[in-house]
Amino acid sequence: MNSRQVTYVDKFSLEFLNKGTICNNALLLHDVDNDNYTEQKPRYTCDELGSISCLIAGKLQGRNVLCIICSEGEFHLFDLDIHGPSSSPVPSQHPQNTDDFDEDQNLSTDNSIEDDDAEEQLDDSNHSQSLHLPLHKAQKAGVHHSLLQSVHLNSRHLRQSVTSSIQPFATYRIPCNITCATLADIDGDGENEIVMAGTDRNIYVYRLKASVNTASESDLLRMYKLPMNDNQIFSLSTHTEKTGKQGILAGYVTGGYAFVCRGDGPDDSLQIGTFSPSHGEDSYISSKPMTVIGNAFDEQESAAFIELGGRVMVRRFHIQNNTEVNNTLTWHAELKQEVMGAFQGELVENSSTKQLVIATWDGITYILDKDHNAVCFNLKERICGFVCGMYNTSPTKPPSMCFFYVTFSDHRITVFYDIKLKSIPCCSLVTQIGSSEESLSKLKRLYSHDAVPLSDDKMRKIVSELTHLFYSSLYSFSDQHKRVLLDILREQSNKK
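Final position of the sequence shown in full-length UniProt numbering is 496; the numbers increase by one with none missing.
Shown next as structure tokens:
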């Protein structure tokens, strides 16, 4: 892997108003008030939601929604279309949880549950892997709203901004310890579904439908519960096939992965294609947690697989007969640090192709392109959370690519903005001159005689000599550089 190092200096810091820990999947960049760009000030806050494990946002039934998932088994739904860019937020109703969670029944909101009942349900011995955080203590964690409250706290033009408080439109009971989720049209009906997974080795697919009784509320209906053959899910990502069929890539904690998509049968049931190290056909996969990225580099038959230990694999990936995963390894790379998070983004100027952005626990961020080239940026501080995406740093400027780092010290989020690169590969002077027709024509006119045309071999030698001369002008003249310079001067004098 060809790699070089870059330095970014444009940054600012955000302070937490409350101390706590942020899960990496609980960091999200999204337009919450429909003003066509990501927020540049703390627009809304919401308290006492619970221990937030992940956030997802997007379109559900044509509405712009924010979904907050808590480890205690709660799903908070925010309808962001209620509040336009200029409207003041009005708290909407916040229904209580249902009395019991039944995986074989549809879910809806109810007012029958008490806080004590919820604590009893969370402390059930049958859920030994659950995070037993009582609801009345959840507000002490101070995790879920600190990011929204402190966005751009240090920006001068935003210090007069006012933060408004909103409440979830509805709250539903879901399985405990959901750790990852995404939105995808997994059944091909043109509407997004909510896909989530956690520690119970199942993938759940939910659909949001209008309630029969009232048009202002919504019911969360479970469509599928997919057992993953005793494989705990570590990450989820959407992936669209060449045929236009959208599915879900699921990375396992044990290092394998699966692809879930709609079948071609009359019942349109979901099919699961799996690939794991036990199949023995890929020595590059180990038994470490796997982060998956579908449609890597914006290619329909490409997917990226990043292991916790630092191994990066890019594969030509497609599904055959709905259940058979066919893939070939395109290239792989070994990072020296353990991976903390991986994303995609457009970071190269005048390029419409996305690059992989991989952050490690040591604060080193790698930017990789599809040609196996890399650029690394060192924060020089350990991090516990990372996200990248388009973000507004000023009302008068368009959104730019930003890196958000959550550090272990001082409870701060460090934001680097205007992240952009002219190119990722390392280009030598010989390569640059050789690819420039204008530079080559000027060199030919300089060194050519009318009677003796300049050959290609001679041209390559001249370019190499000029490279040594350029290097010596930046550093010290070595004996070799002096000889090259004398040869060039001697050749020029012979022409005269």
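Just so it is clear, CB atoms sit at the ideal spot from N, CA and C, and this is done for glycine as well.
Let me check understanding here. Comparing Cα to Cα, which of the options lies closest to residue i?
i	options	result
residue 10	419, 380, 464	419
residue 24	345, 309, 291	291
residue 186	196, 407, 491, 350	196
residue 227	259, 300, 358, 219	259
residue 342	354, 254, 198	354
residue 306	232, 59, 327, 339	339
residue 404	2, 32, 27, 464	27
residue 379	175, 390, 254, 363	363
residue 261	240, 253, 167	240
residue 400	406, 407, 391, 78	391
residue 337	458, 308, 32, 461	308
residue 521	382, 402, 397, 388	With the chain represented from 1 up to 496, any question about residue 521 goes unanswered, as that position is not in the structure.
residue 293	358, 254, 243, 366	358
residue 346	368, 328, 361, 335	368
residue 389	397, 372, 396, 415	415
residue 182	242, 298, 247, 167	247
residue 406	360, 366, 466, 398	360
residue 298	238, 250, 327, 287	238
residue 168	402, 79, 177, 176	79
Identify, in the order they occur along the chain, each residue of the same chain with its Cβ nearer than 8 angstroms to the Cβ of residue i, setting aside the five sequence neighbours on each side.
i	result
residue 302	295, 296, 314, 315, 316, 317, 330, 370
residue 154	Bear in mind that the predicted position of residue 154 carries a pLDDT of just 36, short of 50, making it too unreliable to give a figure here.
residue 138	Note that residue 138 has pLDDT 36, beneath the 50 cutoff, so the model's placement of it is unreliable and the number below is only indicative. If we look at residue 138 and ignore the five residues flanking it on each side, its Cβ neighbours are 48, 49, 50, 51, 70, 72.
residue 252	228, 231, 232, 233, 234, 258, 276, 289, 290
Residues in the same chain with beta-carbon distance under 6 angstroms from residue i, minus the five sequence neighbours each way, listed in chain order, please.
i	result
residue 100	Because residue 100 sits at a pLDDT of 40, beneath the cut-off of 50, its placement in the model cannot be relied upon, and the point is left open.
residue 30	57
residue 393	417
residue 179	53, 198
residue 206	194, 220, 222
residue 422	349
residue 333	1, 312
residue 61	208
residue 242	300
Could you tell me which residues DSSP puts in a beta bridge with residue i?
i	result
residue 227	202
residue 235	251
residue 31	Answer by DSSP bridge pairing: none, since residue 31 is not bridged.
residue 292	305
residue 14	413
residue 66	57, 78
residue 313	305, 332
residue 222	206
residue 164	44
residue 180	197
residue 342	358
residue 327	317
residue 272	260
residue 246	240
Just curious, the beta strand (DSSP E) that residue i is in, first and last residue?
i	result
residue 56	52 to 60
residue 77	74 to 79
residue 337	Element bounds for residue 337: n/a, residue is neither H nor E.
residue 401	400 to 407
residue 3	2 to 6
residue 386	383 to 391
residue 170	170 to 173
residue 260	257 to 262
residue 421	Here residue 421 belongs to no beta strand (DSSP E), and DSSP marks it neither H nor E.
Going along the chain, which residues of its own chain have a beta-carbon closer than 7 angstroms to the beta-carbon of residue i, five neighbours each way excluded?
i	result
residue 81	34, 63, 64
residue 216	In this prediction, residue 216 has a pLDDT of 44, which is less than 50 and means its spatial position is unreliable; what the coordinates show is noted afterwards. Around residue 216: no qualifying Cβ.
residue 59	192
residue 4	375, 426
residue 310	334, 335, 336, 337, 338, 339
residue 373	2, 424, 425
Entirely enclosed beta strand (DSSP E) segments - the stretch 344 to 381, minimum 3 residues: The qualifying runs are 355 to 360, 364 to 368, 373 to 378.
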